[in-house]
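Letter by letter, the sequence shown follows residues 6 to 312 in the working numbering. Notes to accompany the following structure.
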Amino acid sequence: MKKFNPIRTREVMGGTIARALRAEYDPAMPMGNVAVHEINDVISAWLVRHDKQIAPVLPRALRWLDKAIEGKEEERFGPFPCSHRRTLHWAKALGRWMHGEGNDEASWKTAQDAEIEYMRTGFTKVLGVDKFDYKLQRFVPQEIKGLPYSSRRLLVDGTLDDFMAFSLQAGQYDTAVEEYERHLKPKNPSLKTTLKPRAFAYALCLKKLGRARFGDNDLLEAGQRMLRANLEETWLGVGQYERAATWLKIVYWDRDQTLTPLETILKAYDNMPNVPLPDFMLATRSELEPNSLRMRWAQLVKRLRFK
């Protein structure tokens with residue numbers, strides 16, 4: 006499987022940024038889908054420290070996402086409105102967090118609801134070859150639509166992983182646990198093993214609900230093992246930047262909100278053992294440290310002010 010290559014990504018990033026900066030709003034195009042891809046481009050640029058160069062793209066992408074959501078783009082793009090609704094709100098929630106607006110529980114909840122609708126109604130069973138309908142004078146598919154996906158398919162495709170991520174960030178811990186236990190045997194995950202993303206989210210939800218006692222450091226180490234198993238190949242290696250950023254947020258920022266979104270995403274380099282740290286990251290780590298200290302000081306002042 007292909008590994009994430011930060012050197013090559015940085016080499017081609019100039020063209021990606023130039024294309025993104027040239028883009029203009031076109032009402033005839035599915036601009037919400039365009040904005041989703043631009044959120045991915047921003048994450049990719051952040052990973053190779055072109056965050057300043059691509060900065061104008063993020064707020065614009067958020068505006069385009071809002072327009073697409075308000076204009077019901079989901080009804081005009083793709084075969085499943087719920088699937089595109091999930092995609093739009095996932096990008097919106099992640100983009101707002103990246104823009105410094107905190108955790109957008111409402112958007113994560115909409116993504117969660119759309120995902121569960123897709124899980125329950127998105128499967129199409131093919132009964133056989135298409136048959137010619139003489140009345141309609143065309144071939145008609147022999148299929149049944151609107152069926153639920155099997156548990157196996159949801160696990161293999163990673164759909165349950167995404168659902169658990171959405172639910173966790175929406176604060177819907179009961180719903181997450183109920184859905185997880187619908188497809189997998191309910192038992193406390195062992196934090197000493199390398200957990201699937203869904204199992205890691207399940208452990209976090211159990212702790213939130215008081216149904217399991219996990220230490221914060223044990224959860225962090227389990228989250229880091231999960232990231233090491235997925236980041237360099239399964240996610241970043243194939244361009245799944247939103248998914249990678251989502252789980253980095255869950256592992257790091259959700260437990261320490263003094264981290265900036267940029268610092269959080271750059272934690273990827275701490276969890277890719279087979280990707281050598283590029284020189285441009287060595288040169289910029291000292292630049293990040295003062296930002297982190299300023300954030301922590303601001304957080305401390307805020308706490309003292311409201312005591």
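Glycine residues also receive a C-beta, built at the ideal position from the N, C-alpha and C atoms.
Expressed to the nearest angstrom, what Euclidean distance is found between the alpha-carbon atoms of residue i and residue j?
i      : j      : result
Phe311 : Leu159 : No answer about Phe311 holds up, because its pLDDT of 44 lies below 50 and its placement is not dependable.
Arg218 : Pro86  : 39 Å
Glu75  : Glu106 : 20 Å
Val131 : His89  : 23 Å
Arg81  : Phe285 : 42 Å
Leu189 : Tyr178 : 16 Å
Val53  : Leu196 : 31 Å
Lys192 : Lys212 : 13 Å
Asn38  : Ile121 : 21 Å
Ser155 : Phe168 : 15 Å
Ala250 : Val17  : 20 Å
Arg24  : Phe128 : 36 Å
Ala273 : Trp240 : 11 Å
Asp31  : Pro84  : 22 Å
Asn222 : Phe205 : 13 Å
Lys57  : Glu43  : 15 Å
Leu282 : Gly133 : 52 Å
Asp71  : Asp138 : 42 Å
Thr263 : Leu271 : 14 Å
Asn45  : Ala28  : 15 Å
Tell me, to the nearest whole angstrom, how far the beta carbon of residue i is from that of residue j; I am working on the premise that it is less than 8 Å.
i      : j      : result
Ile12  : Ala50  : About 14 Å separates the two Cβ atoms, so there is no contact after all.
Pro146 : Thr126 : In fact, because the Cβ distance is near 17 Å, the residues do not count as touching under 8 Å.
Pro194 : Tyr185 : With 8 Å as the limit, Pro194 and Tyr185 do not qualify as a contact, their Cβ atoms being about 10 Å apart.
Glu237 : Met277 : 4 Å
Asp166 : Lys201 : 7 Å
Taking Cβ positions, are residue i and residue j nearer each other than 8 Å?
i      : j      : result
Ala66  : Ala40  : yes
Ala170 : Trp252 : yes
Leu93  : Ala111 : no
Gly242 : Lys77  : no
Arg143 : Ala119 : no
Gly220 : Val256 : no
Leu26  : Pro61  : yes
Leu141 : Glu247 : no
Thr199 : Arg230 : yes
Thr265 : Lys254 : no
Leu214 : Val182 : yes
What residue from the options has the CA that sits closest to residue i's CA?
i      : options                      : result
Ile48  : Ile255, Gly244, Tyr257       : Gly244
Thr180 : Thr198, Cys210, Asn193       : Cys210
Lys97  : Pro84, Arg68, Ile121, Leu271 : Arg68
Ile59  : Leu282, Leu267, Leu287       : Leu267
Asp162 : Asp46, Arg203, Asn45         : Arg203
Asp261 : Asn108, Gly133, Lys150       : Asn108
Met103 : Asp275, Trp258, Leu287       : Trp258
Lys150 : Ser172, Glu43, Tyr123        : Tyr123
His55  : Val134, Gly19, Asp138, Asn10 : Gly19
Thr164 : Asn45, Leu70, Ala234, Ala116 : Ala116
Ser172 : Trp95, Val134, Phe9, Glu79   : Trp95
Asn235 : Arg216, Leu224, Asn279       : Asn279
Which ranges does the alpha helix (DSSP H) cover as unbroken runs of at least 4 residues, wholly within the stretch 169-256, from first to last along the chain? 178-188, 202-213, 221-235, 246-253
At what residue ranges does the stretch 63-130 contain a whole run of the alpha helix (DSSP H), taking only runs of 4 or more? Counting only runs of 4 or more, we get 86-103, 110-126.
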